[in-house]
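All the letters of the sequence shown, read from the start, carry residue numbers 46 to 432 under the working numbering.
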Amino acid sequence: MISQLPQDLIEEIVYRVPVTSLRRLRSTCKGWYHQALFKDPRFIKKHFDKTARQYHALMLFGNTVCPMSSIVDRVTRVVSIYPHRLALPHRDEFVSLSEAFHCDGILLCSLLMKTMIVVWNPFSGQTRWIQVTQLQDHYIGAYALGYNNKELCRSYKILRFRCQYGKLAASWGWGALNVTPEPEGNFISEIYEFSSNLWRNLDSVLPDQAYLKPSGGVSLNGNTYWMSCNKKGHYSLLSFDFSTEKFQRLCAPFHHEPCHIDTRVLSVVREERLSLLYQSRKTLEVEIWMTDEIETTFVSWSKFLRVDLLGLNHCFSDSMSFSIIDEEKKVVVCCDEAGNFDFTMVWIVKEGEEYRASPDISVDGGVQAWSIPHLSVPRLFGYVPKN
Numbered sequence: 046m047i048s049q050l051p052q053d054l055i056e057e058i059v060y061r062v063p064v065t066s067l068r069r070l071r072s073t074c075k076g077w078y079h080q081a082l083f084k085d086p087r088f089i090k091k092h093f094d095k096t097a098r099q100y101h102a103l104m105l106f107g108n109t110v111c112p113m114s115s116i117v118d119r120v121t122r123v124v125s126i127y128p129h130r131l132a133l134p135h136r137d138e139f140v141s142l143s144e145a146f147h148c149d150g151i152l153l154c155s156l157l158m159k160t161m162i163v164v165w166n167p168f169s170g171q172t173r174w175i176q177v178t179q180l181q182d183h184y185i186g187a188y189a190l191g192y193n194n195k196e197l198c199r200s201y202k203i204l205r206f207r208c209q210y211g212k213l214a215a216s217w218g219w220g221a222l223n224v225t226p227e228p229e230g231n232f233i234s235e236i237y238e239f240s241s242n243l244w245r246n247l248d249s250v251l252p253d254q255a256y257l258k259p260s261g262g263v264s265l266n267g268n269t270y271w272m273s274c275n276k277k278g279h280y281s282l283l284s285f286d287f288s289t290e291k292f293q294r295l296c297a298p299f300h301h302e303p304c305h306i307d308t309r310v311l312s313v314v315r316e317e318r319l320s321l322l323y324q325s326r327k328t329l330e331v332e333i334w335m336t337d338e339i340e341t342t343f344v345s346w347s348k349f350l351r352v353d354l355l356g357l358n359h360c361f362s363d364s365m366s367f368s369i370i371d372e373e374k375k376v377v378v379c380c381d382e383a384g385n386f387d388f389t390m391v392w393i394v395k396e397g398e399e400y401r402a403s404p405d406i407s408v409d410g411g412v413q414a415w416s417i418p419h420l421s422v423p424r425l426f427g428y429v430p431k432n
């Protein structure tokens, strides 16, 4: 009987189980799950140290980090494979991860208290609490985490800039990014360096005003990218290079200028490329583009898939999240809020022939959708543990 095996041998066996498969051991090895093994910090750390370097498809759900298989397997209750949640100091509350910024397996979380942010590694449990200057009521702070990719040893930095909701932004939930110096020395943007534990002012400016969704940024190779729009309604990919500490406008893949209410959401493909989901509010057609090459001042795109959602009459919101789970077969998982806000809708989108996502889910005709009873929309992301 496996239950009669020595404890050290059991641990060696479980160490070799991929982290996204640990949840399945609940039904076959209840003794391991309900006993202290899976909750032991020593076991958790050692498991991640021994886990092979593999791509983990994960999601942020409420205040936990979960495997994406929790929704792809069509479960009704999401189970976290990481027993640690991030608690606020001196409070009986957990930190919400709904607006967390992900970079390199590390989460940057802004808090409602507005004078503190926290950087958290959910895999190791390490945290760093960082004090910030509180902004005026009509401004919000937007954050990005990155590193200088020109250096051999990664030294992380945090970009902070203030956003003011303008007339254009108010109609579709985007913030106005203004990094032009203002009179009276008002705060514009700052950089926090982990190596010095200090904030300093940032001199980088944009040629003109940009509108972007503060929580819509993604990180790739240490740099941050947003979809942005200027006052004339021209769209572009806005990047921030943490090595030069400068913003740069890059081209978007659109052949026409989209309507400002169309959906544009960025994601990262296996920590290698950017992907962009675009949906027209008029036709409900979904296009997903991927970058072929990204340089400092140049980006090239190619269309990954196209799916028509007109028959389902659904338009994705800008708070949706998506992840390409099978690049070869062109399969995408999307999560979005439901109409009554009591559920989260999960979509499997597939271009072309029928696809079986799991024993219970078969995708035919382009889309399969179902709901799960959760109020917050999951944030999907992928991560490859570093050696």
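Glycine included, C-beta positions come from ideal geometry on N, C-alpha and C.
What is the DSSP secondary structure of glycine 427, counted as helix, strand or coil?
Stepping through the sequence shown from its first residue, residue 427 is reached at position 382. Looking at glycine 427 - three-state DSSP - the assignment turns out to be strand.
Using DSSP bridges, identify the partner residues of tyrosine 455.
Here the chain covers residues 46 to 432 and nothing more, so residue 455 does not appear.
Start and end residues, beta strand (DSSP E) containing methionine 272
Reading the sequence shown from its first residue, position 227 is the one you call residue 272. For methionine 272, the enclosing beta strand (DSSP E) begins and ends at 268–274.
For proline 298, does the three-state DSSP call read helix, strand or coil?
Translated into the one-based positions of the sequence shown, residue 298 becomes position 253. Note: proline 298 maps to coil in three-state DSSP.
For glutamate 235 and asparagine 242, which I take to be in contact (beta-carbon distance under 8 Å), what is that distance rounded to the nearest angstrom?
Numbered from its first residue, the sequence shown carries residue 235 at position 190. Numbered from its first residue, the sequence shown carries residue 242 at position 197. About 14 Å separates the two Cβ atoms, so there is no contact after all.
So, under 8 Å CB-CB, leucine 329 and aspartate 353 are touching, yes? Tell me the CB distance rounded to an integer number of Å.
Indexing the sequence shown from 1 puts residue 329 at position 284. Indexing the sequence shown from 1 puts residue 353 at position 308. The pair is a contact, with the Cβ atoms about 7 Å apart (cut-off 8 Å).
Report yes if the CB atom of arginine 318 is closer than 7 Å to the CB atom of threonine 336, and no otherwise.
Numbered from its first residue, the sequence shown carries residue 318 at position 273. Numbered from its first residue, the sequence shown carries residue 336 at position 291. Taking 7 Å as the Cβ cut-off, arginine 318 and threonine 336 qualify as a contacting pair.
Residue range of the unbroken beta strand (DSSP E) whose run includes serine 312
Counting from one through the sequence shown, the residue named residue 312 turns up at place 267. 308–314 is the span of the beta strand (DSSP E), which, as asked, contains serine 312.
Hey, would you say the C-beta of cysteine 111 is under 6 Å away from at least one heavy atom of the ligand FMN?
Of the ligands one can find in the structure shown there are none, so the ligand FMN has no counterpart to examine.
Determine the contact status of leucine 153 and tyrosine 188, defining contact as a CB-CB distance below 7 Å.
Position 108 of the sequence shown holds residue 153. Position 143 of the sequence shown holds residue 188. Against a cut-off of 7 Å, the Cβ pair of tyrosine 188 and leucine 153 comes out as a contact.
Per DSSP, what kind of secondary structure is glycine 261 in: helix, strand or coil?
One-based indexing of the sequence shown puts residue 261 at position 216. Correct three-state label for glycine 261: helix.
Does DSSP classify isoleucine 126 as helix, strand or coil?
On the sequence shown, position 81 is the one that residue 126 refers to. Here the model assigns isoleucine 126 a pLDDT of 45, short of 50, so the residue's position is not dependable and the matter cannot be decided.
Using CA atoms only, rank isn't needed, just tell me which of Ser288, Gly278, Val313 is closest to glycine 261.
By one-based count along the sequence shown, residue 261 stands at place 216. Among Ser288, Gly278, Val313, the Cα nearest to that of glycine 261 belongs to Val313.
What span of residues does the beta strand (DSSP E) with phenylalanine 146 cover, start to end?
As a working mapping, residue 146 is identified with position 101 in the sequence shown. Segment 146–148, the beta strand (DSSP E) holding phenylalanine 146.
Buried versus exposed call for arginine 326 [16 or more other C-beta atoms within 10 Å across all chains shown]
Here residue 326 corresponds to residue number 281 of the sequence shown, with the count starting at 1. By the 10 Å Cβ count, arginine 326 comes out exposed.
Are the segment 166–176 and the segment 284–293 touching, with three or more C-beta to C-beta distances below 8 Å?
Taking a cut-off of 8 Å on C-beta distances, the segment 166–176 does not touch the segment 284–293, as fewer than three cross pairs fall below it.
CA-to-CA distance, proline 259 to phenylalanine 206, given in whole angstroms:
Counted from its first residue, the sequence shown places residue 206 at position 161. Counted from its first residue, the sequence shown places residue 259 at position 214. Roughly 9 Å separates the two Cα atoms.
Note down the Cα distance separating histidine 79 from tryptophan 165, rounded to an integer number of angstroms.
Indexing the sequence shown from 1 puts residue 79 at position 34. Indexing the sequence shown from 1 puts residue 165 at position 120. The predicted position of histidine 79 is uncertain, since its pLDDT is 48 and thus under 50; a value taken from the coordinates is nonetheless stated next. Approximately 26 Å between the Cα atoms of the pair.
Can you tell me the Cα-Cα spacing of leucine 54 and serine 416, whole angstroms?
Position 9 of the sequence shown, counted from the first residue, corresponds to residue 54. Position 371 of the sequence shown, counted from the first residue, corresponds to residue 416. Leucine 54 and serine 416: Cα-Cα distance of roughly 40 Å.
So for phenylalanine 206, helix, strand or coil by DSSP?
Your numbering for residue 206 matches position 161 in the sequence shown. It is a strand residue.
When we look at the beta-carbon of threonine 341 and count the other beta-carbons within 10 Å, is it buried (16 or more) or exposed?
The sequence position of residue 341 within the sequence shown is 296, counting from 1. That one is exposed.
Between Thr109, Gly267, Met104, Glu56, which lies nearest to arginine 87 when the distance is taken from Cα to Cα?
For the purposes of this step, residue 87 is identified with residue 42 of the sequence shown, where counting begins at 1. The option with the nearest alpha carbon to arginine 87 is Glu56.
Shorter than 7 Å from the beta carbon of phenylalanine 367 to some beta carbon of chain B?
Judged by its chain identifiers, the structure shown contains no chain B, having just a single protein chain.
Buried or exposed by the 16-neighbour rule on C-beta atoms within 10 Å, applied to phenylalanine 343:
To locate residue 343, count along the sequence shown from 1; it is residue 298. Label assigned to phenylalanine 343: exposed.
Whole angstroms is fine: what's the gap from proline 404's alpha carbon to glutamate 373's?
Counting from one through the sequence shown, the residue named residue 404 turns up at place 359. Counting from one through the sequence shown, the residue named residue 373 turns up at place 328. Residue confidence is low: proline 404 scores 42 on pLDDT, short of 50, so the model does not pin down where it sits. No coordinate-derived value is stated.
Let me confirm a value: phenylalanine 349 is counted as buried when at least 16 other C-beta atoms fall within 10 Å, else exposed. Which label applies?
Within the sequence shown, numbered from 1, the residue matching residue 349 stands at position 304. Burial call: buried.
Could you tell me whether the Cβ atoms of asparagine 108 and phenylalanine 139 are closer together than 7 Å?
As a first step, residue 108 must be located in the sequence shown, where it is residue number 63. As a first step, residue 139 must be located in the sequence shown, where it is residue number 94. For asparagine 108 and phenylalanine 139, yes; Cβs fall inside 7 Å.
If I follow the unbroken beta strand (DSSP E) through serine 241, where does it start and stop?
In the sequence shown, the residue the question calls residue 241 occupies position 196. No beta strand (DSSP E) contains serine 241, which DSSP labels as neither H nor E.
Any idea what DSSP makes of leucine 329, helix, strand or coil?
As a working note, residue 329 is residue 284 in the sequence shown. Coil.
Residue range of the beta strand (DSSP E) that includes aspartate 381:
Within the sequence shown, residue 381 is the residue found at index 336, counting from 1. Unbroken beta strand (DSSP E) run through aspartate 381: 376–382.
In its own chain, which residues sit with a C-beta less than 7 Å from the C-beta of serine 281, not counting the 5 before and 5 after it?
As a working mapping, residue 281 is identified with position 236 in the sequence shown. The residues are Ser273, Arg294, Leu295, Cys296, Ala297.
Could you tell me which residues DSSP pairs with arginine 351 in its beta bridges?
For the purposes of this step, residue 351 is taken as the residue at position 306 of the sequence shown. Looking at the DSSP assignment, arginine 351 forms a beta bridge with Glu332.
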